[in-house]
Each structure stands twice: as structure tokens, then as C-alpha cells.
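Novice: Would you mind keeping the following structure in view while I ask a few things?
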Amino acid sequence: MSDAFDTDPPTASYSNRRVFPRSWNDLPLSSSSFQYLENFNEPDLIKMLQTEYWWVGDPKVSTGFDPCSNFKSKWLPFASKSRQIESRVELTEYQVVRECLWVLLGAQKSFLFISYTDNEILTKNICLYTRKPAALTHLTYGALDAFCTEIAESATSILQIRAFINFVLLSENSIPSPFIRLAQVCERLVGDAFRVISELEQDAKSVCSTQLTLISLSIKWQVWFRRISFISVLILQVCSPQMNTILSGETSILLLNRIEELSRTISKCFPDPYLIDLIGEVFISTTEAYLCNIMSGCSLNSIPFLRYNDSIPVNDPSFWKSGVTLIKSSVPNVLSPVIQDVLFGAKSLSLLKSFSSLFRNPKLLSAVEDHLNSPLSSDKGVNSKEDTDSGVGESEFHDDSDIQEMVRFMESTVIDKPKYVLLMSPSKKFSEYPAKVVKCLREKMKNQALRISSYLVSSLLHGPLSESGTWLSTVSSFADDLNLTHAFENLSKIAFFRSGEWMYAFCEEIFSYHPDNRTESVLNKALREQAIAVCGERSWVYGRLKLILAGNDISLKISIPWPLNIVISEESLVIYHNVFRFLFELKQAKWALDNAKWILRSENLKLALLRSRCLYVINGIHAFIADHIEVAHAEFMCTLTKSDIESNLDNLLTYFSTYLTRVKEISLLSDNVSQKMLNQTLRELFELCGEFQFPCEMDVEYLASEFSTRVGFLRTVLSEALQGSGCVRIEASSLLRVLEDSCKFNTGVTTRFHF
């Protein structure tokens, strides 16, 4: 190996570069010189070097070119040419110890080591044990080189940690808060390590104390080598190579996942209280910072694992279902148990902001922001040791290649576990069980998200919040009733004919017209009059109802304003339309039978008896459907006060969908085969009953036969369905008894009538 030595002299400018991080004695450095050390004679060398650096207990140690000199011919170019020149310079053990301490403290150049730093690329911060130029009389070259290489690795880890700290804490960019917390903890770690090095330095300089040997230095530094290297590898796994990757949201999630895995596995691999406490502190601190950041009002809409669809604005009815997408691969592991609540909270906040703007009511949003601004901090009073749900030392080792790589690296750095008392006592600041503390943080975040969702549901069910705290609005004259409770109640009264008296008057007026004389203007006039009576003059409902006439078919068109159409969607309105049409046909058949008693002559007994038997069946069907719809509606309105509905819009949507599904099944409008056959048969039955509007044109025998056939078919299908062979899931025993009685009543009669 070449013996050329290119170390710059320790000049004043060199001192400004902090070659020696601190003053080792009271002697200032000599004047500047730009010549290499090899070109100096012995007196100049003595002047340029700090004499304390070469102190070995005897201030009069010889530094000449005699055989006992520490410089020998390596340093003195005028040494005897005939004497064999050794390839290494013999140093004292104290000199090697001092250089090791210097380089750990950040010295950039020395006789044994050289360091390189970089502010942007983490892996370019490195310390090298250069050219193996030194020798000790009592150690083999290999042992000395191995020790110095280990010191260089420690110095490299410290350089990389300090580069990370400087980038995070001194950067002008907006650094994610988890990395700021990690940098603060790393700063404490480096500070603790430097205090240990300072104590070792004082031991080395003290004449009275036992001499600090390389063996004692290795033993005392071993545990800190483990700690420093562990954190350095963690930073490399997350940030390497470019440190500006810290600015990415994905890197924050990678950090959280790595810390969460380490907190569960480190106690199994390294029973070091200081390191366990350090990782626990990082776990709690970074998680708390991340959760607080995403729950703040300014950041909830920019969470990295939520993707907002730009093509779906917030005031689009489909925003709740399709406007925000969860990117599962980007969700931190620590948030997995509450990720759906976070998603609901983010969507709810977006909608509440739109509500506040639409209703010109800042109080609505400020009430939510007050909760968002409340501190989301860890509970220091948690008795973490009693938590048995999950823990750092209880879970199995995580099957992760990066974690296993870190463990293998750390196990390779130290052969045996240290058998001495640790130099630094573990911090007790975060002695709580980390998993328990993070669980509490997670629950607090969940509660905040649920509170936001509850504000959204309340504003939809009852109306926007006014300054006085009551659910009112100042948008328009009808906005007092712009809420779902009003919509559910009044739409069911009209579309499901629950209003009784008023909708009966509507039907009477419509059915009194001959089908050829009905027009949409007449129909809508009649509907508007009764809808105002049902809903009230200030209601928005009657202005959004319209009857459409297509041939002899009448259908109802309902238009729901935003934001109520988030819940009462177009799919829901299809059910309202279909149920209205079905019930309208049922009531028309019933009205035709009721009204026929006034136009049938008393001598037409067969027709009169047929009418009463048809009316018996139709009345049974009408009572069954109307009663069950009323029960379904009453139960649904009661569920609106449940806590699970009030805290989650998805639950409200689920209950509302269940309610409409039940109404659809009651009206025999489901898509399964059994209900389709029953519905078709009922509609044919309604058409037969409609013939009583024109009794002069009726064929009594044919009508009686067709009526009995359809009633018998209904009884058979419904009986099988109730026994489990069909798909009807409603309690229809009362309707079945009506159909069975009708069939028995017509059995065994030649004319199919009893006279």
C-alpha cells in the first residue's frame, strides 16, 4: 500500500471547517500553511501539530528520528536511506483512541480517517478508514483495521443521521410532521451519544484515571454503535438515496409502517431498554403528528390515501358514493382499523363545507372546525402495562424483508450481547405501552371523524344549523322544510298514498274523468291541490311533483333538490314511481268496484254478486299492502333516532335502502320470478275489476271465470312462497286467508255463483 499521505495541515481555515469539532487544549493552531505534511521538517511538524494530541503521559516524549520516535522515517524524509522503511507508522494506543473519538464527533480529516458529507444524497455521507497507515505494537494489523473500520461505520451512521436532522429541521421546504418528530428524536439520540463520547474523552485525558484502551473503548461504545446503526439503517430504508423523497406523502406512510413494525418486533431482537424506549417514542410521536395533521381542517381534503374525483363536484348527488376513492395500498397500517371512519369524515367535511356555502351559514362549519382544532394528543395517563390487546413484545416477528435485513445487519455488528451496565439509562418519558397509547390516539381520531359525520347526518335529517343553534335556514321561503325528515314523511304520504283523506280526494277527482278526457294539466292541478294540503304551503315537495300521462298510464315524476338527493337518489325515486303506479292501479280497481254499486241495476244479481266477491278480494289486497307499508314507514322513522344512523351517513343510506326494499316487496315489485308472476297476475286482476266502470259491456260469465282463475293462481303461488318454496319474504298469511276464502266460496257452483 502506498505510503503517500495527502492530509492537509491543520491550518486556521481548516479549523473553520471543524476538522477538530472542539478545542482539545488551550494551544491555538499555528498560522496558515498550504504545504503537505511530507514537505515539513521536524521542527515545523512540531509547530503545526497540537502537542496535546500526541500526549501519552510524558510531556517530554521524543519526536525525533531516533528508533523510539513515533514519526520514524514515515514523517521524516531525511531519514537514513539504508534503514528499512516500514509501510505503517507506529502510533500509541492513546493516539488511536483520540482519533476515534474525534471522528465520532464529526472531524472531517485526520491521520486515520476522512469524512465526506452531502446535503441532498444520504448515502454520500460517509466516513472512511483511509489506507490503513497506522500500526500498534500490541495489535495485529487485522485487529486494528477491524476496530477502525467499525469506528468508521459508526461515524458514517452519525454523519447520515446528522445530515437527515439538518435537512429536516433546517430545510425551507414544508417537511411532513412525522419526519420532524423523527428528526427531533434523532437529535436527542445524537446528543446522548456525544455526551458519552465527551465522557470517554475526559477519561482519556485524565492522568489519574485508568488509561482508556482500545478494548475498553470498544466495550463502552459497542451498545451505542448498535443504537446509532439501528436508527441509521431505519433512515436509509425510508429516505435513501435522495433526501427530498421525504417531501412525498408516500414516504411518510412508509415511515409509519416501518416504525409500527419495529415497535412490535424490536424487543424480541434487541433487549436494549434505551433502544426500545426510543422506538416507542418515535412510534407515538410520529403517529400522533400524522393523525393530527390529517385531521386538521386544512389537510383533511389532501390525505394521500384518498383520491378525489375531479369529474364529480361536491354538489353532485353521486359524490358520496363515487367522489372519493380509498387507495388501500397507501393506508398506514396504524390506521387500518379506523380507515372507513376517516373516509366518512373526509367526505362529510367536504359536504359540510358546501352546505355552509349554500345555506350561507358559517356557524355550521365553525362548529365542526372547533372539534377539528381540538388537540389530538396522546394520553399520558394510560396504564399501558395492563393492556393485553396488543403489545410491542407480544406479537410474532413480522415477515418483512426490510425488517429482516435490518435485524441481520444489527446482529452482524456485535457478536455478543453487552454484559456491562449501560452508560445511559433509558428515558422514562414514554414508558407507557406504545401500542396502547397509539390505540388511544386512533380512537380519538375515530371519534372526531364520527363527530363530523354526525354533523352531516343531522344537517340532512333536520336542516342546516343556524346561529341560534336550531335547525333552520335562510336560503328560501321553503328551506325550513328542506330536510330528509320532511321528505320521507311527505313523499310517503303522496307516493305511497299514506295521507288517506287527501289522496282519496285526489283519486276520486282523477277516476271521475273518462280516460279519454284526462290531460296532464288536469292531473297535475288535482295533485298540486292535494299535495299542498298534505305538505303545507311552505313545503318544497309539492313543487317538485309531476304526473305524466302516457296513453292511459299515469306515472309520478319526483325531483329531489341537492343535498337531499344524496340520500333520495334516482335509484330510490324509481321505487317511489313504481309503487305509486302500482297503488294507483289498485285504488282505481277498488274505486271501480265501489262506484259500480250505484250504476248496477238491482235485477242484475249475477253482476252484483260478482262485484261484491271481487271487492272482497281487492279490499283484502288493499288493506294488506296499505297496512304493511304503514308499519314499514313507522319503523323506518323510528330508526332515524338511532345513534348508529346519526353518526354515519352510510348507515342512513343502508336503513333507507332497506325500507324501500321492504316497500317494494310488499307491493310485489321485486325482481325475483315469484313476485313478477304475482305482480303480473294482480295487474290483470285490476284490469278485470276496471271493467265494472262499464257494466253494459261486460261478459259476466267470462269475467267470473277469469277472476276465479287468477285468484286461484295467487293463492297457490302465495301459499308455496310462505312455505319456503318461493322468494316472497313478507308475512302474508292474512292475505292468503282472503284468497283461500274466495276460492272456497266459488267452488262447486255450476254458474260459479251462489244465488
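One point on numbering: in our numbering, the residue at position 577 of the sequence shown is 1531, and numbering is uninterrupted.
Quick reminder that beta carbons are idealized off the backbone N, C-alpha and C, glycines included.
Here the structure is a predicted model, which means the values were calculated and not measured.
#1: Would the beta-carbon of A952 fall within 7 Å of that of R1565?
#2: Counting only the same chain and skipping the five closest in sequence on each side, list residues whose C-beta sits under 6 Å from that of I1502.
#3: Determine, using beta carbons only, whether S1621 and V1533 come nearer to each other than 7 Å.
#4: Going by DSSP in three states, K1596 sits in which element: helix, strand or coil?
#5: Which stretch, first to last residue, makes up the beta strand (DSSP E) that contains D1507?
#6: Whose CA, out of K1479, S1206, S1493, lies closest to the CA of H1440?
#7: What separation, rounded to the nearest whole angstrom, lies between the Cα atoms of F1538 and D1470?
#8: Flag this pair as touching only if the stretch 1241-1250 and the stretch 1272-1279 have three or more C-beta atom pairs under 8 Å; answer yes or no.
#9: To which residues does DSSP link I1068 through a beta bridge?
#10: Is it buried or exposed, F1648, if we count other Cβ atoms within 10 angstroms and call 16 or more buried?
#11: Just reading off the beta strand (DSSP E) that L1303 is part of, what are its end residues?
#12: Suppose you measure from the CA of R1706 to the CA of V1571; what does that come to, to the nearest Å?
#13: Taking 6 Å as the cut-off, is the CB of R1405 close to at least one heavy atom of the ligand SAM?
#14: Evaluate the contact criterion for the stretch 1131-1141 versus the stretch 1224-1236: three or more CB pairs, one atom per stretch, below 8 Å.
#15: Check whether the Cβ atoms of Y1262 and V1288 sit closer than 7 Å, and answer yes or no.
#16: Classify T1473 as helix, strand or coil using the three-state DSSP reduction.
#17: Report yes if the C-beta distance between L1166 and V1057 is below 7 Å; otherwise report no.
#18: Please name the residue or residues paired with T1279 in a DSSP beta bridge.
#19: Among P1267, V1296, I1119, whose alpha-carbon lies nearest the alpha-carbon of I1281?
#20: Which two residues bound the contiguous alpha helix (DSSP H) that contains I1151?
#21: Taking Cβ positions, are P1195 and I1075 nearer each other than 7 Å?
#22: Go ahead and label K1393 buried or exposed: buried means 16 or more other beta carbons lie within 10 angstroms of its beta carbon, across all protein chains shown.
#23: Please classify L1623: does DSSP put it in a helix, a strand, or coil?
#24: Applying the 10 Å Cβ sphere with the 16-neighbour rule, what's the burial state of V1692?
#25: Classify A1449: buried if its beta carbon has 16 or more other beta carbons within 10 angstroms, exposed otherwise.
#26: In terms of alpha-carbon separation, which member of P1515, L1639, A1546, V1177 lies closest to I1575?
#27: Using beta-carbon positions only, say whether L1045 and A1088 come within less than 7 Å of one another.
#28: When burial is assigned at 16 or more other CB atoms within 10 Å of the CB, is Q1542 buried or exposed?
#29: Given that a residue counts as buried once 16 or more other Cβ atoms are within 10 Å of its Cβ, and exposed if not, what is Q1634?
#30: Starting from L1229 and walking both ways along the beta strand (DSSP E), at which residues does that stretch end?
#31: How many angstroms separate the CA atom of Y1409 from the CA atom of A1403?
#32: Let's test the definition: count the other Cβ atoms within 10 Å of the Cβ of S1430 and tell me whether it reaches 16, buried, or not, exposed.
#33: Could you give the distance in angstroms between the alpha-carbon of I1105 and the alpha-carbon of M1399?
#34: Please state whether DSSP places R1691 in a helix, a strand or coil.
#35: Within 7 Å of any Cβ in chain B, is that where the Cβ of E1474 sits?
Specialist: With the structure as the only source:
#1: In this structure the chain extends from 955 to 1709, so residue 952 is not present and cannot be described.
#2: S1509, K1511
#3: yes
#4: coil
#5: 1507-1512
#6: S1493
#7: 17 Å
#8: no
#9: K1063, L1082
#10: exposed
#11: Counting along the chain, L1303 falls outside any beta strand (DSSP E), though it belongs to the alpha helix (DSSP H) covering 1293-1312.
#12: Per-residue confidence for R1706 stands at a pLDDT of 44, beneath the threshold of 50, marking its modelled position as unreliable; no derived number is given.
#13: The ligand SAM is absent from the structure shown, which contains no ligands of any kind.
#14: yes
#15: no
#16: coil
#17: no
#18: R1261
#19: V1296
#20: 1131-1159
#21: yes
#22: buried
#23: coil
#24: buried
#25: buried
#26: L1639
#27: yes
#28: buried
#29: exposed
#30: That residue, L1229, is in no beta strand (DSSP E); its alpha helix (DSSP H) goes 1227-1249.
#31: 10 Å
#32: Caution is warranted here: a pLDDT of 43 is assigned to S1430, below 50, making its placement in the model unreliable, and no coordinate value can be reported.
#33: 44 Å
#34: helix
#35: Of the protein chains in the structure, only one exists, and it is not chain B.
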